Amino acid sequence: MRRIGATLLLAVLIATPAFAQGKSLGKGRGARPAPAAPSTATPPQAVAGTGVRHFGVWLDDASFLPKGKGWATFGIGYWKSTFGHQWDLPSMDAGWTVNRRFQIGMSTPISRASYDDGTTTRGIGDTYLSAKVGLIDPDTNARNWGIAVVPVVEILSSGSIMEGDSRYHWAIPVTAERRFEGFRVYGAGGYFSRGSVFGAGAVEVPLSSRIVVTGTLSHARSLKGDPLADALELSKARYDVNGAAMYVLRPTIMLFGTIGRTISRADANASTIAVSGGVSFGFNTVQTQARRRKE
Numbered sequence: 004m005r006r007i008g009a010t011l012l013l014a015v016l017i018a019t020p021a022f023a024q025g026k027s028l029g030k031g032r033g034a035r036p037a038p039a040a041p042s043t044a045t046p047p048q049a050v051a052g053t054g055v056r057h058f059g060v061w062l063d064d065a066s067f068l069p070k071g072k073g074w075a076t077f078g079i080g081y082w083k084s085t086f087g088h089q090w091d092l093p094s095m096d097a098g099w100t101v102n103r104r105f106q107i108g109m110s111t112p113i114s115r116a117s118y119d120d121g122t123t124t125r126g127i128g129d130t131y132l133s134a135k136v137g138l139i140d141p142d143t144n145a146r147n148w149g150i151a152v153v154p155v156v157e158i159l160s161s162g163s164i165m166e167g168d169s170r171y172h173w174a175i176p177v178t179a180e181r182r183f184e185g186f187r188v189y190g191a192g193g194y195f196s197r198g199s200v201f202g203a204g205a206v207e208v209p210l211s212s213r214i215v216v217t218g219t220l221s222h223a224r225s226l227k228g229d230p231l232a233d234a235l236e237l238s239k240a241r242y243d244v245n246g247a248a249m250y251v252l253r254p255t256i257m258l259f260g261t262i263g264r265t266i267s268r269a270d271a272n273a274s275t276i277a278v279s280g281g282v283s284f285g286f287n288t289v290q291t292q293a294r295r296r297k298e
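Heads up: the sequence shown runs through residues 4 to 298, numbered per my numbering.
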């Protein structure tokens, strides 16, 4: 399969937490909506717990950019649930390939959340630092498949920290990819230390030399018991779907847009709509260094 806009492809549709739950509304690019929030139902006052279900999903493939290449992505995201909505303006994502089997990245938004009770929060949202390690390279494997592991550090914003909880958490996604003639599939599964497991998959199809579309499905399950969340009838599992399109404006500039929502039960954890769009720029530090040596 021909890889379209390879310098930027990873930056736009993958290598991002599909959704990360907390008190604040989740930030979003790709399939990333999702905050946990108190239900509007009134539970018994004596019930202990936080009233929150934690979910997390990280969607990635097993591919790597060439050594020294990277990306910087700037976008706008909007997320809405039954209890409020959030704008991410801007959302920022960047990464760089150290070598053919090691890639680093980070992602963070500037967010403004508004809740139905009239309260608002604003500031830097949850930040994610990742280090992708290739185990089987699909570019050198004759079967066109690959596997990678992506350790992630999750740094929560002040609005996402539960009382008595830490700001710092981690996740261990394992990713896989299989290439076919005319399309490819990839996905990931793993664990978030805040107490959830997940699985996610995507199908990516080039429609032309400039346009690529992708569809994703993700599932997350909260593992921690919480009597108050049970009393509020918050589901322990969640399914989301997402569609995305990319347009290659130039070899190192790509435009993208996404839309998605939760398709499982509509409680306070569910996303009724999540949309985002933006632009991704590619860069090549190896080429820049070579030019400097010539000068």
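Glycine included, C-beta positions come from ideal geometry on N, C-alpha and C. Here the structure is a predicted model, which means the values were calculated and not measured.
Item, Value
"Using only CA atoms, which one of 201, 236, 207 lies nearest to residue 224?", "201"
"Can you tell me the Cβ-Cβ gap for residue 226 and residue 272, rounded? I've got them flagged as a contact below 8 Å.", "That pair is no contact at about 15 Å."
"Whole angstroms are fine: how far does the CA of residue 62 sit from the CA of residue 76?", "17 Å"
"Taking only three categories from DSSP, how would you classify residue 163?", "helix"
"Hey, which unbroken runs of the beta strand (DSSP E) at 3 residues or more fall wholly within the region 86–113?", "87–102"
"Rounding to the nearest angstrom, what Cα-Cα distance links residue 134 and residue 159 in this structure?", "18 Å"
"Tell me the DSSP bridge mates of residue 176?", "193"
"Between the C-alpha atoms of residue 198 and residue 173, what's the straight-line distance to the nearest angstrom?", "10 Å"
"Can you name the start and end residues of the beta strand (DSSP E) that residue 248 belongs to?", "240–253"
"Taking buried to mean at least 16 other C-beta atoms within 10 Å of its own C-beta, is residue 68 buried or exposed?", "buried"
"Residue range of the alpha helix (DSSP H) that residue 230 falls in?", "230–234"
"Please report the straight-line C-alpha distance between residue 60 and residue 83, rounded to a whole angstrom.", "18 Å"
"Suppose you measure from the CA of residue 211 to the CA of residue 222; what does that come to, to the nearest Å?", "30 Å"
"From residue 215 to residue 207, what does the alpha carbon distance come to, in whole angstroms?", "7 Å"
"If I'm right that residue 65 touches residue 154 with Cβ under 8 Å, what's the distance once you round it to whole angstroms?", "Not confirmed; about 15 Å, so no contact."
"Return the chain-ordered list of same chain residues with a C-beta closer than 7 Å to the C-beta of residue 100, the five sequence neighbours on each side being excluded.", "67, 68, 69, 70, 71, 72, 73, 106"
"Take the Cβ of residue 36 as the centre, count every other Cβ of all protein chains shown within 10 Å, and call the residue buried at 16 or more, exposed below.", "At residue 36, the pLDDT of 33 sits below 50, so the modelled position is not reliable; the number obtained from the coordinates is stated separately. So residue 36 ends up on the buried side."
"By Cβ distance below 6 Å, which residues in the same chain neighbour residue 139 in space, the five residues on each side in sequence not counted?", "149, 150"
"If I'm right that residue 143 touches residue 128 with Cβ under 8 Å, what's the distance once you round it to whole angstroms?", "Actually they do not touch by this definition, with Cβ atoms about 37 Å apart."
"Count the other C-beta atoms from every protein chain shown that fall within 10 angstroms of the C-beta of residue 288, then say buried if there are 16 or more, exposed otherwise.", "exposed"
"Does the distance from the C-beta atom of residue 137 to that of residue 182 stay below 8 Å?", "no"
"At the level of alpha carbons, what is the spacing between residue 204 and residue 245?", "11 Å"
"Do you know how far the Cα of residue 50 is from the Cα of residue 260?", "42 Å"
"Taking residue 194 as the reference, give the member of 79, 281, 157, 90 with the closest Cα.", "157"
"For residue 130, which residues from the same chain have a beta carbon less than 6 Å from its beta carbon, with the 5 sequence-adjacent residues on both sides left out?", "111, 158"
"Let's test the definition: count the other Cβ atoms within 10 Å of the Cβ of residue 145 and tell me whether it reaches 16, buried, or not, exposed.", "exposed"
"CA-CA distance, residue 274 and residue 282?", "24 Å"
"Can you tell me the Cα-Cα spacing of residue 270 and residue 240, whole angstroms?", "11 Å"
"Please name the residue, chosen from 96, 115, 234, 266, that lies closest to residue 87 on a Cα-to-Cα basis.", "115"
"Relative to the C-alpha of residue 125, which residue among 188, 119, 91 is closest?", "91"
"Need the endpoints of the beta strand (DSSP E) that residue 219 sits in, please.", "214–225"
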